[in-house]
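Residue numbers (the working numbering), protein chains in the order written: chain L, 805 to 943; chain X, 103 to 216.
Quick reminder that beta carbons are idealized off the backbone N, C-alpha and C, glycines included.
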């Protein structure tokens, strides 16, 4: 099953809409609530990152029998050092993002903690691609 | 601990969700930092916060938190209330500070998560 969602940069009113829809879908499919929580927490952090940092983005969700694969592809400033961005506490978030309760440098570490596989590629001035895979059964 | 007991203890007002919510809350977590809330991995948890915006509700939804206590007379917006009702999340407004709410709930027996 495949789903696609569009994200607008700076649109904090709708940030989390895609994550909410994915949660509803996983609930309907009777996915284990603990796994659902991991998937949607990782997705929500990634979705907020796109809203906070990029101009726009697309989320592709692929629900398979043994895993859930999510790819967030954005057009934006990109990440100059992924290694630095992965460090807890590192953040380039704006005051607006901090007002919303984010921007403390916990987003990418939270995604990493909740993903079985996390791949991030980025090109400065072009955008960032985040791939999150969660297995439905122990590997 | 049920919604009725929480409302009484905190001099609170239920502005979203149902009074007949039967969840027995066991844990509480206080934070204005939503990424911190997203680290919570426990059921039957209350969120105590001073942050009243739409992402507070989204964060609770992703973390399976069914009740948010908005402290120190902060008001939930109409869009927060609408989303909370849609997501079956209770919002309680209280005049008490985050510190006082946490103290009262701890005294009542709710457990901290960290």
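What residue does the beta strand (DSSP E) around residue i start on, and which one ends it?
i	result
residue 933 of chain L	931 to 939
residue 927 of chain L	921 to 927
residue 172 of chain X	169 to 172
residue 127 of chain X	No beta strand (DSSP E) contains residue 127 of chain X, which DSSP labels as neither H nor E.
residue 142 of chain X	Looking at the DSSP string, residue 142 of chain X is not in any beta strand (DSSP E), and its letter there is neither H nor E.
residue 810 of chain L	806 to 812
residue 892 of chain L	It is not in any beta strand (DSSP E) - residue 892 of chain L carries neither H nor E in the DSSP assignment.
Identify, in the order they occur along the chain, each residue of the same chain with its Cβ nearer than 7 angstroms to the Cβ of residue i, setting aside the five sequence neighbours on each side.
i	result
residue 831 of chain L	840
residue 844 of chain L	823, 826 and 827
residue 855 of chain L	811, 813, 814, 815, 816 and 819
residue 166 of chain X	145
residue 895 of chain L	907, 908 and 909
residue 917 of chain L	none
residue 886 of chain L	924 and 926
Near residue i, what residues of its chain come up, given a Cβ to Cβ distance below 6 angstroms and the 5 sequence neighbours on each side ignored?
i	result
residue 186 of chain X	118, 159 and 193
residue 934 of chain L	850, 876 and 924
residue 913 of chain L	892
residue 189 of chain X	163
Over the uninterrupted alpha helix (DSSP H) stretch that includes residue i, give me the two end residues.
i	result
residue 158 of chain X	156 to 164
residue 137 of chain X	136 to 139
residue 916 of chain L	911 to 918
residue 819 of chain L	No alpha helix (DSSP H) holds residue 819 of chain L; DSSP gives it neither H nor E.
residue 178 of chain X	First-last for residue 178 of chain X: undefined, no H or E at that position.
residue 105 of chain X	105 to 111
Check whether the Cβ of residue i lies closer than 7 angstroms to any Cβ atom in chain X.
i	result
residue 939 of chain L	no
residue 845 of chain L	yes
residue 859 of chain L	no
residue 809 of chain L	no
residue 799 of chain L	Past the edges of chain L, shown from 805 to 943, lies residue 799 of chain L, and the structure says nothing about it.
residue 906 of chain L	yes
residue 880 of chain L	no
Confirm, please, whether the CB-CB distance from residue j to residue i is below 7 angstroms.
i	j	result
residue 130 of chain X	residue 148 of chain X	yes
residue 873 of chain L	residue 931 of chain L	no
residue 75 of chain X	residue 204 of chain X	Residue 75 of chain X is absent from the structure shown; chain X starts at 103 and stops at 216.
residue 865 of chain L	residue 821 of chain L	no
residue 893 of chain L	residue 853 of chain L	no
residue 858 of chain L	residue 919 of chain L	no
residue 150 of chain X	residue 181 of chain X	no
residue 183 of chain X	residue 168 of chain X	no
residue 172 of chain X	residue 154 of chain X	yes
residue 115 of chain X	residue 195 of chain X	yes
residue 164 of chain X	residue 848 of chain L	yes
residue 111 of chain X	residue 212 of chain X	no
residue 863 of chain L	residue 809 of chain L	yes
residue 937 of chain L	residue 871 of chain L	yes
residue 905 of chain L	residue 136 of chain X	yes
Verify the CB distance criterion: does residue i have a CB-CB separation below 7 angstroms to chain L?
i	result
residue 148 of chain X	no
residue 135 of chain X	yes
residue 207 of chain X	no
residue 215 of chain X	no
residue 140 of chain X	yes
Give me, in chain order, the residues of the same chain whose beta-carbon lies closer than 8 angstroms to that of residue i; leave out the 5 immediate sequence neighbours on both sides.
i	result
residue 197 of chain X	113, 174 and 175
Cβ of residue i within 6 angstroms of any heavy atom in the ligand SAH?
i	result
residue 182 of chain X	As far as ligands go, the structure on display features none, and thus does not contain the ligand SAH.
For the stretch 153 to 175 of chain X, which residues have a CB atom closer than 9 angstroms to at least one CB atom of chain C, in sequence order? You won't find chain C in this structure, because its protein chains are L and X.
Alpha helix (DSSP H) runs contained entirely in the stretch 831 to 878 of chain L, provided each spans 4 or more residues: 837 to 857
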